[in-house]
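A.B. asks:
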Amino acid sequence: MKAKQYFEEMLRSALTERALPWPEKAVIEPPRERKFGDYSANVCMLLAGAAGMKPRELAEALAADLRTRADQLERVEVAGPGFLNVTFAPGFWHGILADVQAAGAAYGASDLGRGQRVQVEYVSANPTGPLHIGHGRGAALGDSLARLLKKTGHQVECEYYVNDAGRQMRILGDSVWLRLRQLAGRQGEDLEDFYRGEYIKDIAAEVYRQNPDIFEQPENTAIDICFSHAVADILGGIQKDLADFRVGHDRWFSEKSLVQTDGPGALSKVDETFADLLARDLAYEEDGALWFRSTNFGDDKDRVLRKSSGELTYFASDISYHHDKFQRGFDRVIDIWGADHHGYVSRMQGAVEALGRKGALQVILVQLVSLLKDGEQVAMSTRAGKFETLSDVVAYVGTDAARFLFLSRKSDSQLEFDLELVRRKSMDNPVFYVQYAHARVYSMLAKAELAGIRPASPGPAAYAGLAGVDDLEVCRLLERFPDVVAQAAEQLAPHQVSHYLSELAAALHRYYSKHHVLSAGPEVAAARLLLLSCVAATLAAGLDLLGVEAPERMDQVVEQTVEDATGEAAP
RNA sequence: GCCCUCGUAGCUCAGUCGGAUAGAGCACAGGAUUCCUAAUCCUGGUGCCACAGGUUCGAUUCCUGUCGAGGGCACCA
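The opening position of the first sequence corresponds to residue 1 in my numbering, with each subsequent residue numbered one higher.
1) Within 10 angstroms of the Cβ of residue 54, are there 16 or more other Cβ atoms? Answer buried if so, exposed if not.
2) Here's the rule I'm using: 16 or more other beta-carbon atoms within 10 Å means buried, otherwise exposed. How should residue 255 be labelled?
3) Looking only at its own chain, which residues have a Cβ that is under 8 Å from the Cβ of residue 518, when we skip the five neighbours before and after it?
4) Using a threshold of 8 Å, state whether the C-beta atoms of residue 572 and residue 434 are closer than that.
5) With DSSP run on the structure shown, which of helix, strand or coil describes residue 612?
6) Among 221, 167, 213, which residue has its Cα nearest to the Cα of residue 195?
7) What is the DSSP secondary structure of residue 254, counted as helix, strand or coil?
8) Between the alpha carbons of residue 260 and residue 539, how many angstroms are there, rounded?
9) So, with DSSP's three-state summary, where would you put residue 517?
10) By a C-beta neighbour count over all protein chains shown, 10 Å radius and 16 as the cutoff for buried, is residue 389 buried or exposed?
11) For residue 5, count neighbouring Cβ atoms within 10 angstroms of its own Cβ and tell me buried if that reaches 16, exposed if not.
12) What does the alpha-carbon distance come out to for the pair residue 290 and residue 249?
13) Give me the Cα-Cα distance between residue 34 and residue 528, rounded to the nearest whole angstrom.
14) Can you give me the Cβ contacts of residue 140 inside the same chain, cut-off strictly under 6 Å, excluding the 5 residues immediately before and after it?
15) Can you tell me which of 355, 396, 360 puts its alpha carbon nearest to the alpha carbon of residue 373?
16) Inspect the beta-carbon positions of residue 320 and residue 421 and report whether they are closer than 8 Å.
17) What residue ranges within the stretch 37-97 form continuous alpha helix (DSSP H) runs of no fewer than 4 residues, ordered along the chain?
18) Under a three-way DSSP split, which group does residue 7 fall into?
19) Rounded to the nearest angstrom, how far is the Cβ of residue 522 from that of residue 145, given a contact under 8 Å?
20) In or out: residue 457 buried (at least 16 other Cβ within 10 Å) or exposed?
21) Just checking, does the stretch 108-124 make contact with the stretch 64-82 on the three C-beta pairs under 8 Å criterion?
22) Within the continuous beta strand (DSSP E) that includes residue 290, where are the two ends?
23) Can you find at least 3 beta carbon pairs, one from the stretch 129-136 and one from the stretch 79-93, that sit closer than 8 Å?
24) From residue 463 to residue 22, what does the alpha carbon distance come to, in whole angstroms?
25) Within 10 angstroms of the Cβ of residue 545, are there 16 or more other Cβ atoms? Answer buried if so, exposed if not.
26) Taking C-alpha atoms, which residue in 368, 158, 340 lies nearest to residue 242?
27) Excluding the 5 residues preceding and the 5 following residue 125 in the sequence, name in chain order all residues of the same chain whose CB lies nearer than 8 Å to its CB.
28) Under 8 Å, do residue 203 and residue 174 count as touching if we go by C-beta distance?
29) Take every Cβ of the stretch 175-182, pair it with every Cβ of the stretch 261-275, and state whether three or more of those distances are shorter than 8 Å.
30) Got a sec, what are the start and stop residues for the beta strand (DSSP E) residue 119 sits in?
31) Any idea which residues DSSP pairs residue 362 with across the strands?
32) Buried or exposed: which applies to residue 491, given that a residue is buried once 16 or more other Cβ atoms fall within 10 Å of its Cβ?
33) How would you call residue 556, buried or exposed, if buried means at least 16 neighbouring beta carbons within 10 angstroms?
34) Excluding sequence positions up to five away, which residues of its chain have a Cβ less than 6 Å from the Cβ of residue 401?
35) From the DSSP output, in three-state form, read off residue 425 for me.
36) Are the Cβ atoms of residue 244 and residue 391 separated by less than 8 Å?
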């Protein structure tokens, strides 16, 4: 049983006996300072009024209750304004090792989600060019969230919304067609808004190679060919970049599928959504346009769904898209967007409310990433910037380092990504610090194996060899992992996992330098190996939640990044 | 003008539903290896938690306002 749970149960029954309620704002947590014990509760301050006692008096009374009934608690103390601090018996902490070993890679898993169906939609960049580094942050976050939610008992599906309809797509087709004509030495003036990247020229050349007769086609057909080739090509590139970044979506949802009809007279999904909104008087026609009554949901003006020109706005297909999500049975939908869309959040949430699913949509905004090299800003917007794209950055620093950095900050604050710092394989780079801790344990296990020493099985004999304060300290940290996972999932905040891992790695390194394992005598050595292999298992389980590898040897990591980097010389 | 996010050590950032003397890494200085990987460990100090009020037993945390940074406010995408 978890320490927090145990303490809470004991406390609850003691309160019940005194006819006191469990206060809403009760908190049980490890106190900041070790000297205050393992866990601390604030209930006495909250209940003093109801109990008609001073906080400290109540605390003393409850402490006495706990001392008689809670046999796992070694000490129960009252401190400060009325905190109830408890210290668990060593045997309790040792029991954690049995838990970790039994669970293995599943350590930290829970059934918090109770099978709730959750969809995570992320990246969803328009297929008009390669992914840049900001998309990488969203990708790492979405993927890690999905892992966290799965681990906590949710049924998760990841989706990428492909904006393959609408104006931008037309411009994309036009852009390729223009480059193609220029390539063939034909006329073609630069247009006001079109895509200028080098990759457009590459696509044009490829289209020409595959369709040498393209100039004999009617222009509409030619543009169609350009367009579909461009989307396929760019989307293929995006998929590859994501795969290299260890990110996979279960489904790629086409916007076009919302707009298209099955046959003549049939309604598209968007039409169905419109009909639904009109029937409930949540939409209306005015000035030749179709409007959504977003003012009913707190917006300051109504928004257009279909322009008077007949074109749909993005908002229209987005509503329809979310309508579709809920029809597919998701209990909860999480969208990850760039921070530049934040004005859109309340509107979309209003729309979801209109669909009768108030509160079922959570939007996470990912703040900007500023790319630095040796402390200097790397221009992101210009065509010349070599490190604009995610794939360039990943090639230079490696997937593990990039992911770990992205996931070590909360998503709503701006992030500095210094290429040289992230690339460095040293202690200022926390990812290697954590990976090294994992590899260190494996190195010891291998050495021990040669010496004929194997990790002990959890049990009294092993625990006898782990009675020191440092041993218990490590056990305490291991015990916290399931709480960290649960909270990170609840708050949709994977960075809490990476911070925990740094802490656990630090504990491992400290332990390593203080306590020699293999020369400690066979029994103590076996006991310590048990402890350390539990640390490794927990590190691996945590790294897995971040999508970062847990190497058994560090030279593997070095090889991997060096290899990645050789293809791309530094600018 | 209105709205959103952010403001914590020299730098990059944590800080749990409001808890006890506000933390980590980096940078800086010194030390540790006959022994399991020194990609490591140990020892040093630094804060008007942007500012001003409010809520209460208690505020970095919640509320209001001010200042500062970024972003958003279309029949754009």
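Using N, Cα and C, we set each Cβ at its ideal position, and we do this for glycine too. Nothing here was measured: the structure is a model prediction, and the numbers come from that model.
C.D. replies: With the given structure in hand:
1) Per the 10 Å Cβ criterion, exposed.
2) buried
3) 444, 447, 448, 451, 453, 525
4) Summary: the structure shown does not reach residue 572, with the chain confined to residues 1 through 571, and so no result is reported for it.
5) The structure shown does not extend to residue 612, since the chain is modelled only from 1 through 571, so no value can be given for it.
6) 167
7) strand
8) The C-alpha of residue 260 lies about 48 Å from the C-alpha of residue 539.
9) coil
10) buried
11) exposed
12) 34 Å
13) 23 Å
14) 403, 406, 407
15) Of the candidates 355, 396, 360, the one whose C-alpha sits nearest the C-alpha of residue 373 is 396.
16) no
17) 43-51, 55-69
18) helix
19) So it is not a contact: roughly 45 Å between Cβ atoms.
20) exposed
21) Segments in contact, no.
22) 289-292 is the span of the beta strand (DSSP E), which, as asked, contains residue 290.
23) no
24) 36 Å
25) By the 16-neighbour rule on beta-carbons within 10 angstroms, residue 545 is buried.
26) Nearest C-alpha to residue 242 among 368, 158, 340: 158.
27) Apart from sequence neighbours up to five positions away, the residues of its chain that approach residue 125 with a beta-carbon distance below 8 Å are 131, 135, 238, ordered along the chain.
28) no
29) no
30) 117-121
31) 334
32) Residue 491 comes out exposed.
33) Classification of residue 556: exposed, given that the 10 Å Cβ count is below 16.
34) 422, 431
35) Under the three-state reduction of DSSP output, residue 425 falls in the coil class, being neither helix nor strand.
36) Cβ atoms of residue 244 and residue 391: closer than 8 Å.
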